[in-house]
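Written below as structure tokens is the structure these notes are about.
In my numbering, the protein residues as written are 719 to 1048.
Laid out in structure tokens, this is it:
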């Protein structure tokens, strides 16, 4: 009988000890989910153009996080053993910068609330390579939290990343087909928002540039993802992505619509890259022929401004305007 009572007493003590351990709380109860995404996607940016990183954090636990902070250091491009840091440009939240660490303080986050979301923008570095580098620009961030429990006041970290991105060499380089950037506003007079290599010739038959009008921003969406993609050896096509606010280029996306304002597109084409005797007389946007009628319509007017051939340089210049973007052919 005494042995039975002793076993019962030990069992009860074990249950009580377990109950005390649960009541005291543990760091494992703090469940959160963070993300970090490069914009424009899928992670490619031209030298000295902006690249943005959108970060989110969701409280997946049953308790309140009394203090939520996001921290990020400069994305780093590593090339031939050397490091080339990006430069901080802007953020959608008030920032504090201490010893190169850029942080945003969001305060309290309850389990039932929508995830925290922010955008940080950095200017991509230039590396000593005429062709850029694949996946060499790497970014990471960290979410830090505290719960509203005196029994467990320590800070916990939730790393996000690393997120790799490709660096694309800029104008005058051997990168002839692609460009990418995150645009924060309208382009300056006489300039361009984004452009591919403008040195047109047989090895680079098409050069594309475009100029954005002013556009509105909203909350964490402080800019637009933009890319240009041309095809090797194809002197008849260029595809432009200007994603809608909050969207990302790459895969399926919604195109930005600037109506009633328009985007100005400029295409330069090497005459020597066209079939002999071929003359550019028509331009298509998203498969639609640009005519006087498409220019005169009230909904999404698309205008062919001019087609000119410089007889000295043997370069065609096409200028067109549209409220939206997509593939262009001629």
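For glycine and all other residues, C-beta sits at the position ideal for the given N, C-alpha and C.
*Report the rounded CA-to-CA distance for residue 745 versus residue 931, giving the unit in angstroms.*
Residue mapping note: residue 745 aligns to position 27 of the chain shown, counting from 1. Residue mapping note: residue 931 aligns to position 213 of the chain shown, counting from 1. Any answer about residue 745 is weak, because its pLDDT of 42 lies below 50 and its placement is not dependable; what the coordinates show is given next. Between residue 745 and residue 931, the C-alpha separation is close to 49 Å.
*Can you tell me the Cβ-Cβ gap for residue 1018 and residue 977, rounded? I've got them flagged as a contact below 8 Å.*
Residue 1018 sits at position 300 when you count from the first residue of the chain shown. Residue 977 sits at position 259 when you count from the first residue of the chain shown. For a cut-off of 8 Å, the C-beta gap from residue 1018 to residue 977 is around 7 Å, short enough to register as a contact.
*Any idea what DSSP makes of residue 905, helix, strand or coil?*
Taking the first residue of the chain shown as position 1, residue 905 is located at position 187. Reduced to three states, the DSSP call for residue 905 is coil.
_For the beta strand (DSSP E) containing residue 999, name the first residue and the last one._
For the purposes of this step, residue 999 is identified with residue 281 of the chain shown, where counting begins at 1. Taken as a continuous stretch (DSSP letters only), residue 999 belongs to no beta strand (DSSP E), as it is neither H nor E.
*Which residue comes first and which comes last in the beta strand (DSSP E) that contains residue 943?*
Position 225 of the chain shown, counting from 1, holds the residue named residue 943. Counting along the chain, the beta strand (DSSP E) containing residue 943 begins and ends at 942-948.
*Are the stretch 823-838 and the stretch 883-893 touching, with three or more C-beta to C-beta distances below 8 Å?*
Counting Cβ pairs under 8 Å, fewer than three are found: no touch.
*Applying the criterion that 16 or more other CB atoms from any shown protein chain within 10 Å of the CB defines a buried residue, is residue 754 buried or exposed?*
By 1-based counting over the chain shown, the position of residue 754 is 36. Classification for residue 754: buried.
*asked:* Within a Cβ cutoff of 8 Å, which residues of the same chain sit near residue 728, ignoring the five residues on either side of it in sequence?
replied: Counting from 1 along the chain shown, the entry for residue 728 is found at position 10. No answer about residue 728 holds up, because its pLDDT of 33 lies below 50 and its placement is not dependable.
*residue 792 and residue 842: beta carbons closer than 7 Å?*
Position 74 of the chain shown holds residue 792. Position 124 of the chain shown holds residue 842. Going by C-beta atoms, residue 792 is not nearer than 7 Å to residue 842.
_Starting from residue 770, trace the beta strand (DSSP E) in both directions and tell me its first and last residue._
Your numbering for residue 770 matches position 52 in the chain shown. That run of the beta strand (DSSP E) goes 768-777.
_residue 771 and residue 795 closer than 7 Å at C-beta_ = To locate residue 771, count along the chain shown from 1; it is residue 53. To locate residue 795, count along the chain shown from 1; it is residue 77. Cβ distance not < 7 Å, so residue 771 and residue 795 don't count as in contact.
_Three CB pairs or more closer than 8 Å across the stretch 933-941 and the stretch 908-923_ = No: the two stretches stay apart, fewer than three of their Cβ pairs being nearer than 8 Å.
_Buried or exposed by the 16-neighbour rule on C-beta atoms within 10 Å, applied to residue 906_ = Indexing the chain shown from 1 puts residue 906 at position 188. That one is exposed.
*asked:* On a Cα-Cα basis, can you pick out the residue from 765, 986 and 901 that is closest to residue 802?
replied: Counting from 1 along the chain shown, the entry for residue 802 is found at position 84. Of the listed residues, the one whose Cα sits closest to residue 802 is 765.
*Rounded to whole angstroms, what's the CA-CA distance from residue 947 to residue 956? Just pull it up for me.*
In the chain shown, counting from the first residue as 1, residue 947 sits at position 229. In the chain shown, counting from the first residue as 1, residue 956 sits at position 238. In this model, residue 947 and residue 956 are separated by some 6 Å (Cα to Cα).
*Could you give the distance in angstroms between the alpha-carbon of residue 797 and the alpha-carbon of residue 821?*
As a first step, residue 797 must be located in the chain shown, where it is residue number 79. As a first step, residue 821 must be located in the chain shown, where it is residue number 103. Taking the CA atoms as reference points, residue 797 sits about 27 Å from residue 821.
*Would you kindly check if the distance between the Cβ of residue 779 and the Cβ of residue 748 is under 7 Å?*
Locating residue 748 in the chain shown gives position 30, where the first residue counts as 1. Locating residue 779 in the chain shown gives position 61, where the first residue counts as 1. Taking 7 Å as the cut-off, the Cβ atoms of residue 748 and residue 779 count as close.
*Within the same chain, show all residues whose beta-carbon is closer than 8 Å to that of residue 1016, passing over the 5 residues directly before and after it, in chain order.*
The residue given as residue 1016 occupies position 298 in the chain shown. Within the same chain, no Cβ atom closer than 8 Å to the Cβ of residue 1016 is found once the five residues on either side in sequence are excluded.
_What does DSSP give as the partner residue(s) for residue 820 in the beta ladder?_
On the chain shown, position 102 is the one that residue 820 refers to. Looking at the DSSP assignment, residue 820 forms a beta bridge with 790 and 815.
_Going by DSSP in three states, residue 744 sits in which element: helix, strand or coil?_
On the chain shown, residue 744 is found 26 positions in, with the first residue counted as 1. Low local confidence applies: a pLDDT of 33 at residue 744 is under 50, so the model's placement there is unreliable, with the coordinate-based value given in what follows. The three-state secondary structure of residue 744, taken from DSSP, is coil.
*When the Cα of residue 786 is compared with those of 762, 825, 1047 and 1036, which residue comes out closest?*
Along the chain shown, one-based indexing puts residue 786 at 68. Comparing Cα positions, the closest option is 825.
_Close-in-space but distant-in-sequence residues of the same chain around residue 1004 (CB under 6 Å, 5 per side omitted)_ = Here residue 1004 refers to the residue found at position 286 when the chain shown is read from its first residue. Residues of the same chain with a CB within less than 6 Å of the CB of residue 1004, apart from the 5 flanking positions on each side, are 1044 in chain order.
_So, does the stretch 1027-1038 touch the stretch 989-999, judging by three or more C-beta pairs under 8 Å?_
At 8 Å Cβ cutoff, the stretches touch.
*Proximity of residue 864 and residue 784 at Cβ, strictly below 7 Å*: Within the chain shown, numbered from 1, the residue matching residue 864 stands at position 146. Within the chain shown, numbered from 1, the residue matching residue 784 stands at position 66. Using a Cβ distance threshold of 7 Å, residue 864 and residue 784 count as a contacting pair.
*What's the C-alpha gap between residue 862 and residue 776?*
The count along the chain shown starts at 1 and reaches residue 862 at position 144. The count along the chain shown starts at 1 and reaches residue 776 at position 58. Residue 862 and residue 776 have their C-alpha atoms spaced approximately 12 Å apart.
*Kindly indicate which residue of 763, 969, 944 and 928 has the alpha-carbon position closest to the one of residue 982.*
Counting from 1 along the chain shown, the entry for residue 982 is found at position 264. Comparing alpha carbon positions, the residue from 763, 969, 944 and 928 closest to residue 982 is 928.
*Buried/exposed call for residue 742, threshold 16 Cβ in 10 Å*: For the purposes of this step, residue 742 is identified with residue 24 of the chain shown, where counting begins at 1. Summary for residue 742: the model assigns pLDDT 25, below 50, so the residue's position carries little reliability; its value from the coordinates is reported in the next sentence. Under this definition residue 742 is an exposed residue.
*Grouping DSSP H, G and I as helix and E and B as strand, with all else coil, what is residue 989?*
Position 271 of the chain shown, counting from 1, holds the residue named residue 989. DSSP, read as helix, strand or coil, puts residue 989 in helix.
_Rounded straight-line distance, which links the Cα of residue 815 to that of residue 808_ = On the chain shown, position 90 is the one that residue 808 refers to. On the chain shown, position 97 is the one that residue 815 refers to. If I take the Cα positions, the gap works out to 12 Å.
*For the alpha helix (DSSP H) containing residue 1012, list its first residue and its last residue.*
For the purposes of this step, residue 1012 is taken as residue 294 along the chain shown, with counting starting at 1. Run containing residue 1012: 1010-1014, per the alpha helix (DSSP H) assignment.
*Cβ distance (whole Å) where residue 853 is taken to contact residue 884 below 8 Å*: Along the chain shown, read from residue 1 onward, the residue named residue 853 stands at position 135. Along the chain shown, read from residue 1 onward, the residue named residue 884 stands at position 166. Contact flag correct, Cβ pair sits at about 6 Å.
_Sheet register partners of residue 751 (DSSP bridge)_ = To locate residue 751, count along the chain shown from 1; it is residue 33. The partner list for residue 751 (beta bridge, DSSP) reads 776.
*Rounded to the nearest angstrom, how far is the Cβ of residue 952 from that of residue 921, given a contact under 8 Å?*
Taking the first residue of the chain shown as position 1, residue 952 is located at position 234. Taking the first residue of the chain shown as position 1, residue 921 is located at position 203. With a beta-carbon spacing of about 13 Å, residue 952 and residue 921 fall beyond the 8 Å limit used to define contacts.
_Outcome for residue 901 when other beta-carbon atoms lying within 10 angstroms are tallied against a minimum of 16_ = By one-based count along the chain shown, residue 901 stands at place 183. Counting the other CB atoms within 10 Å of its CB gives residue 901 a total of 16 or more, which places it among the buried residues.
*Cβ-Cβ distance between residue 988 and residue 972 below 7 Å*: Residue 988 sits at position 270 when you count from the first residue of the chain shown. Residue 972 sits at position 254 when you count from the first residue of the chain shown. Taking 7 Å as the Cβ cut-off, residue 988 and residue 972 do not qualify as a contacting pair.
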